[in-house]
Amino acid sequence: MKIIVTGGAGFIGANFLQLLVPRFRQHDFVNIDNLGYASNLASLEGIDDSANYRFERVDIGDAGAVEETFARHRPDLVVHFAAESHVDRSILGPRAFVRTNIEGTFNLLEAARKHMPAGAGLFHHVSTDEVYGSLGEVGAFTEETRYDPSSPYSASKAASDHLVRAWARTYGLPVKITNCSNNYGPRQFPEKLIPLMVLHALERKALPVYGEGRNTRDWLYVDDHCEAIWTVIERGQVGETYNVGGGFEAHNIEIVRRICSVVAEETGCRQSELTDLITFVGDRPGHDLRYAIDSTKIRRECGWAPRETFESGLRKTIRWYLANRRWVESVRTRDYDGWIERNYGGRGDHLK
Ligand code: NAD
Ligand code: DAU
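Residue numbers (my numbering): 341 to 692.
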């Protein structure tokens, strides 16, 4: 089988390839990525010289390049990860999100319906629970929850989901969609909550918690997400959507305290030295209060369940960042300090 993976130099795509390239030597994996700021080819070390893997630099916003790539490879399966993925960046600069997440998905769908085998093949779209908007204190998102996205990022992902379903209904493209909760794990760009807090704790920098830290996310270890995607590809129904979540919910402030505790244990410092760095800063505009996933459907129909607990996954993640400082330095280029200044500079320190 020929498999095109989009965005495979980013966090989840690279972890997906790290798991599947060695497992399926009989399949050919083509990783297409434009090597944007969040990507790192070092995330593919260990598989990048495999005979069943190749990398091609392609911008999915470039319709001609996507068309040419699909014409050449004629994939049986497309696993679509490529996206602008950070909510705060979408607030400060939404245009790239419309171009990559909406137009890029459109370009891929057009190329897929032209160059994938008719009536066969599969377009697997990797999406997010953020399309459903925010929950109150109780309840969980099911596959029937109404779309109600809050940020430019989640609106662009919602639009991409609608395009994928439209291409299925109108043109008969075989598609599946997974909507997943917050991932954490190795190789995540240090702009997202967990890697940012881990690195700031290690470097004794302020730990910037938005608002009062009472927003809640449902955390899933990245390998569990990757296995869920592969399970849906193998066992899910064509045309269906599956919600994926870890079932581990916690307030952001609780996550940050746990990070301080594990970093203190792993490095032999006092925990209070790290918790003293917690700084409550101005909130994210339109900040969704709570996400929680009801993953009954994927568990029942596909037999998937997460393997990692938050405790074990967080420790693995922190150990990975401690052991991979070279990886960290190689992604904190491309105006990383400029991003930190733009995102956190104007927020203040509102509770001190
Ligand atoms: P990421 O930002 O780490 O990686 C995205 C990758 O896409 C990068 O390698 C980037 O270079 C590439 N890319 C961006 N624009 C591109 C373009 N125009 N052409 C080609 N490649 C491009 O993101 P991630 O966290 O790995 O997320 C992957 C997917 O999973 C996204 O679609 C995201 O919406 C979805 N998702 C993420 C999470 C999460 O918690 N991180 C949860 C649910 C769903
Ligand atoms: O739910 C799935 C989504 O999870 C994915 O679709 C997105 O691609 C991914 O980025 C993630 O979105 P979030 O906005 O939930 O993740 P982030 O790590 O940016 O923030 C998690 C929570 O932590 C959120 O409530 C905002 C808060 N936060 C975040 C940062 C970066 C802080 O309090 N301080 C911070 O510095």
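Here a beta-carbon is modelled for each residue, glycine too, at the ideal position from N, C-alpha and C. The model shown is predicted, which means the values in this text are computed figures rather than measured ones.
Between the C-alpha atoms of residue 675 and residue 348 there is a straight-line separation of about 22 Å. Runs of the alpha helix (DSSP H) lying entirely within the segment 495 to 558, each at least 4 residues long, are 533 to 542 in chain order. If only uninterrupted beta strand (DSSP E) runs of at least 3 residues are considered, those enclosed by the segment 596 to 641 are 618 to 621. The C-alpha of residue 661 lies about 15 Å from the C-alpha of residue 544. The beta carbon of residue 469 lies closer than 6 Å to those of 481, 519, 521, 631, 633 in the same chain, with the five residues before and after it left out. Residue 670: member of the alpha helix (DSSP H) spanning 665 to 671, first to last residue.
By a beta-carbon distance limit of 8 Å, residue 511 does not contact residue 561. Their separation comes to about 36 Å. When C-alpha distances from residue 620 are compared across 596, 601, 388, 586, the shortest belongs to 596. Secondary structure note for residue 467: its beta strand (DSSP E) is the uninterrupted segment 462 to 468. Residue state for residue 455 is assigned as helix, using DSSP reduced to three classes.
Nearest to residue 415 by alpha-carbon distance, out of 577, 369, 557, 551, is 369.
If you look at residue 582, you'll find it isn't in any alpha helix (DSSP H); it sits in the beta strand (DSSP E) that goes 581 to 584.
Counting only the Cα atoms, residue 426 lies some 25 Å from residue 602. It is roughly 20 Å from the alpha-carbon of residue 372 to the alpha-carbon of residue 526. At a cut-off of 7 Å, the beta-carbon of residue 573 does not count as near ligand 1: no heavy atom of the ligand is closer than that. If only uninterrupted beta strand (DSSP E) runs of at least 3 residues are considered, those enclosed by the segment 374 to 431 are 393 to 397, 417 to 420. Taking the CA atoms as reference points, residue 441 sits about 12 Å from residue 402.
For the pair residue 376 and residue 344, the Cα-to-Cα distance works out to about 18 Å. In the DSSP assignment, residue 345 is bridged to 371, 419. Counting only residues of its own chain and dropping the five nearest sequence neighbours on each side, residue 493 has a CB closer than 6 Å to the CB of 427, 430, 437.
At a threshold of 7 Å, residue 521 counts as near ligand 2, since its beta carbon sits closer than that to one of the ligand's heavy atoms. If you draw a straight line from the Cα of residue 534 to the Cα of residue 390, it comes to about 31 Å.
Membership of residue 481 in any beta strand (DSSP E) is not indicated, and neither H nor E is assigned to it by DSSP.
Annotation for residue 589 indicates a beta carbon at 7 Å or more from all heavy atoms of ligand 1. Membership of residue 589 in any alpha helix (DSSP H) is not indicated; the residue belongs instead to the beta strand (DSSP E) covering 588 to 591.
Using a C-beta cut-off of 8 Å, the segment 547 to 559 makes contact with the segment 576 to 592, since at least three inter-stretch Cβ pairs fall below that distance. Judged by DSSP secondary structure, residue 358 falls within the alpha helix (DSSP H) whose first and last residues are 351 to 363.
Residue 398 has its alpha-carbon roughly 10 Å from the corresponding atom of residue 404. Pairing residue 513 with residue 477, the inter-Cα distance amounts to about 38 Å. Under the Cβ criterion (8 Å, minimum of three pairs), the segment 606 to 621 does not count as touching the segment 454 to 473. Between residue 432 and residue 683 a beta carbon distance of about 7 Å is seen, short of the 8 Å cut, so the two are scored as contacting.
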